[in-house]
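**Student:**
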Amino acid sequence: MKKDESQENYTYLLKSSEQTKEVVEIIKSQYPSLKVTAIEEIGLIYVENPKNVDVAKMENELTEYTAAQGELPDLLPPDEDTVTPNQALNEVKQSMLEEAKELNPFNTNIPFPSLSSEAFTPFNWYLKDVTSDHKSLSIDEGERSTIALIDSGVDLGHPLIKENIDVTLAKNYITNDGDVTDELGHGTTIAGILSNMAPETTIVPYKVVGHAGGESVWVIDAMIDAANHDSDVISVSVGTYLIKSETEDKLLIKAYERALKYAKKKGSVVVASAGNDGFDLDELKKMKFKHLPGGLHHVITVSSNTKFNTLAYYSNFGKEVDFSAPGGSLFDEEGFTDTNGMIITTFPIDQPNTPLDRFLEIPQGYTLAEGTSYAVPQVSAAAALIISEYTERTGSKPSVHKVVKYLDRGSSDIGKHGKDNYFGKGKVNAYHSLMMINK
1 MKKDESQENY TYLLKSSEQT KEVVEIIKSQ YPSLKVTAIE EIGLIYVENP KNVDVAKMEN
61 ELTEYTAAQG ELPDLLPPDE DTVTPNQALN EVKQSMLEEA KELNPFNTNI PFPSLSSEAF
121 TPFNWYLKDV TSDHKSLSID EGERSTIALI DSGVDLGHPL IKENIDVTLA KNYITNDGDV
181 TDELGHGTTI AGILSNMAPE TTIVPYKVVG HAGGESVWVI DAMIDAANHD SDVISVSVGT
241 YLIKSETEDK LLIKAYERAL KYAKKKGSVV VASAGNDGFD LDELKKMKFK HLPGGLHHVI
301 TVSSNTKFNT LAYYSNFGKE VDFSAPGGSL FDEEGFTDTN GMIITTFPID QPNTPLDRFL
361 EIPQGYTLAE GTSYAVPQVS AAAALIISEY TERTGSKPSV HKVVKYLDRG SSDIGKHGKD
421 NYFGKGKVNA YHSLMMINK
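Note that the UniProt record's numbering gives residue 197 to position 197 of the sequence shown, counting from 1, and the numbers run on in steps of one.
As structure tokens, then:
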């Protein structure tokens with residue numbers, strides 16, 4: 001399903017997945033010029049380039065089979081939808097970027113210390129926070145777990161993550177092949193957090209977004225593939241806002257719901273972000289505006305907190321939030337600029353550092369970040385550790401429900417007592433969750 005801006009797409013979600021092959025044959029026999037792709041497990045049929053076809057006629061012919069149909073929206077560019085509370089952030093960043101232009105480009109002759117290294121203090125505060133100063137690693141390192149990373153791919157040669165990556169089942173949904181090279185850097189930043197918190201886990205990359213963007217259907221397809229590949233955890237740091245017609249919104253929601261239900265049935269824990277626009281998701285719902293796949297049933301939805309245990313300025317919030325994790329923030333409690341509140345993670349070694357990183361003398365192969373995207377892998381890694389430890393102790397894999405239970409029992413209640421709209425059931429702590437298994 002290669003993305004082409006000149007093409008359109010049309011998607012059918014069938015009433016019964018058992019009818020998928022039959023409907024595909026109907027479409028192919030009557031419209032042989034169309035490229036048709038099916039996700040049989042959930043009864044989804046994706047048709048490319050129907051511009052020269054009478055779509056209304058095709059709809060009528062398939063009405064008896066379809067539960068929903070329409071054009072699925074594109075993915076949001078990873079972390080480019082962040083809003084700012086005021087002009088301060090833009091002004092601060094612009095000032096830093098101007099100064100950074102005067103610095104030397106970047107240095108390739110550097111060692112690659114762990115993200116937990118003292119060399120990266122104070123930017124690795126978040127890793128200490130969610131592992132109780134890395135004590136979780138004394139219990140389990142994730143060797144009996146696999147994490148599916150649905151994102152922009154990974155830097156396969158990065159020293160801090162290459163030993164964790166398994167490309168045997170990896171897939172690029174943009175070019176429909178196995179090349180999961182990370183053009184954007186986003187997937188590499190997520191993989192770095194996963195591999196630091198769970199250094200023995202296996203990470204399988206599924207590339208769904210690149211420079212030309214991505215399609216929501218690719219995320220759905222990747223989720224099904226990951227579940228079929230027996231992934232213990234499916235980590236999704238990309239998302240979509242519903243801003244189309246009610247018919248097409250219904251299509252995407254139903255498609256995601258089926259994919260998430262299928263993943264749960266296969267035993268995969270799915271983790272997704274709440275989104276990066278500082279929105280009250282409950283208010284958005286009233287306006288029929290929704291961020292997906294976070295917030296749906298059968299997915300753990302993650303918000304972002306700061307080092308001060310407050311909600312990050314960019315983080316969406318609402319009743320749909322299940323847990324929080326530190327996503328970093330450029331502002332302190334008073335709203336003043338404080339780069340120490342940002343978080344450090346890995347970045348492709350063959351891509352130049354950002355001007356901001358160069359200004360702060362962050363070595364090549366690393367980057368400073370903020371966003372709910374970076375909270376997601378902390379919850380994903382904690383879930384992988386729980387699965388690995390539980391499997392070792394009991395000889396069987398825990399259910400999705402049990403994984404969520406241990407995440408809940410180990411979390412820190414940093415908001416209103418009990419579950420709240422900012423942090424859900426609390427801030428995740430891998431060490432405390434692992435200790436609960438040992439009780």
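Ideal Cβ placement from N, Cα and C applies to all residues, glycine included.
Tell me which same chain residues have a C-beta within less than 7 Å of the C-beta of Lys28, skipping the five on either side of it?
**Tutor:** Only Val36 meet the Cβ criterion.
**Student:** Throw me the rounded Cβ distance for the Pro199 and Glu141 pair, which I believe falls under 8 Å.
**Tutor:** Indeed they touch by this definition, with Cβ atoms about 5 Å apart.
**Student:** What would DSSP say about Gly187, mapped onto helix, strand or coil?
**Tutor:** DSSP places Gly187 in helix when its eight states are reduced to three.
**Student:** Is DSSP giving Phe359 helix, strand or coil here?
**Tutor:** In the structure shown, Phe359 sits in a helix (DSSP, three-state: H, G or I).
**Student:** Smallest Cα separation from Gly421: which of Asn305, Ile387, Ala227, Arg409?
**Tutor:** According to the sequence displayed, residue 421 carries Asn and not Gly. Per the Cα distances, Asn305.
**Student:** With a cut-off of 8 Å, do at least 3 Cβ pairs link the segment 300-316 to the segment 324-344?
**Tutor:** Yes: the two stretches touch, three or more of their Cβ pairs being nearer than 8 Å.
**Student:** By the three-class DSSP mapping on this structure, what secondary structure does Gln69 have?
**Tutor:** In this structure, Gln69 counts as strand in the three-state DSSP scheme.
**Student:** Closer than 8 Å by C-beta to Leu14: which residues in its own chain qualify, once you throw out the five before and the five after it? Chain order, please.
**Tutor:** The residues are Thr20, Val23, Gly43, Leu44, Ile45, Tyr65, Thr66, Ala67.
**Student:** Going by alpha carbons, who is nearest to Lys266 out of Leu184, Ser231, Leu62, His432?
**Tutor:** Residue Ser231 is the option with its Cα nearest to Lys266.
**Student:** With the cut-off set at 8 Å, would you say Pro50 and Leu34 are in Cβ contact?
**Tutor:** Yes; because the gap between Cβ atoms is below 8 Å, this pair is in contact.
**Student:** Taking Leu44 as part of the beta strand (DSSP E), name the residues at either end of that continuous run.
**Tutor:** Where Leu44 is concerned, the enclosing beta strand (DSSP E) stretches over 44-48.
**Student:** Helix, strand or coil for Val321, going by three-state DSSP, please let me know.
**Tutor:** Coil at Val321, not helix or strand.
**Student:** Given Ile224, which residues of its chain have a CB within under 8 Å of its CB, disregarding the five upstream and five downstream residues?
**Tutor:** Excluding sequence neighbours, Ile224 sits near Ile39, Glu41, Ile42, Ala259, Tyr262, Ala263.
**Student:** Could you pull out every unbroken alpha helix (DSSP H) segment of at least 4 residues lying fully inside the segment 328-400, listed in chain order?
**Tutor:** Here the runs fully enclosed are 355-359, 372-394.
**Student:** Can you give the beta carbon distance from Leu251 to Thr11, rounded, assuming they're within the 8 Å contact cut?
**Tutor:** Right, their Cβ atoms sit about 6 Å apart.
**Student:** Determine the burial state of Gly187: buried for a count of at least 16 other Cβ atoms within 10 Å of its Cβ, exposed for fewer.
**Tutor:** Burial call: buried.
**Student:** Is DSSP giving Glu61 helix, strand or coil here?
**Tutor:** Correct three-state label for Glu61: helix.
**Student:** Note the first and the last residue of the continuous beta strand (DSSP E) segment covering Lys35.
**Tutor:** Note, Lys35: beta strand (DSSP E), 35-39.
**Student:** What three-state label does DSSP hand Val233 in the structure shown?
**Tutor:** If DSSP states are grouped into helix, strand and coil, Val233 belongs with the strands.
**Student:** When you compare the CB positions of Ser273 and Ser373, do they come within less than 8 Å of one another, or not?
**Tutor:** Against a cut-off of 8 Å, the Cβ pair of Ser373 and Ser273 comes out as a contact.
**Student:** Can you pull the DSSP bridge partners for Pro326?
**Tutor:** According to DSSP, Pro326 bridges with Asn305.
**Student:** From the DSSP output, which residues share a beta bridge with Asp420?
**Tutor:** The partner list for Asp420 (beta bridge, DSSP) reads Gly424.
**Student:** Find the nearest neighbour of His432 within the set Lys416, Ser412, Gly424, His417, judged by alpha-carbon distance.
**Tutor:** Measuring from the Cα of His432, the nearest candidate turns out to be Ser412.
**Student:** Taking 7 Å as the limit between beta carbons, can you name the residues of its chain near Ser136, skipping five residues before and five after?
**Tutor:** Closer than 7 Å at Cβ, skipping near neighbours: Leu385, Ala430, Tyr431, Leu434.
**Student:** Please identify the residue among Val400, Asp332, Ser388, Lys319 whose C-alpha is closest to the C-alpha of Ala416.
**Tutor:** Going by the sequence as given, residue 416 is Lys instead of Ala. Comparing Cα positions, the closest option is Lys319.
**Student:** Taking the alpha carbon of Leu368 as the reference point, which residue from Phe123, Thr168, Ala222, Tyr390 has its own alpha carbon closest?
**Tutor:** Closest option to Leu368, Cα to Cα, is Phe123.
**Student:** Rounded to the nearest angstrom, what separates Gly153 and Thr181 at their Cα positions?
**Tutor:** Between Gly153 and Thr181, the C-alpha separation is close to 5 Å.
**Student:** Let's see if you can read the secondary structure: which residues bound the alpha helix (DSSP H) around Tyr314?
**Tutor:** Here Tyr314 belongs to no alpha helix (DSSP H), and DSSP marks it neither H nor E.
**Student:** Relative to the C-alpha of Lys57, which residue among Val238, Ile414, Gln30 is closest?
**Tutor:** Nearest option by C-alpha distance: Gln30.
**Student:** Under 8 Å: do the segment 380-397 and the segment 275-293 share three or more Cβ pairs, one atom per stretch?
**Tutor:** Cβ pair count under 8 Å is below three, so no.
**Student:** Might you give, ordered along the chain, the residues of its own chain that have their beta carbon closer than 6 Å to the beta carbon of Asp166, omitting 5 neighbours on each side?
**Tutor:** Closer than 6 Å at Cβ, skipping near neighbours: Thr202, Val204.
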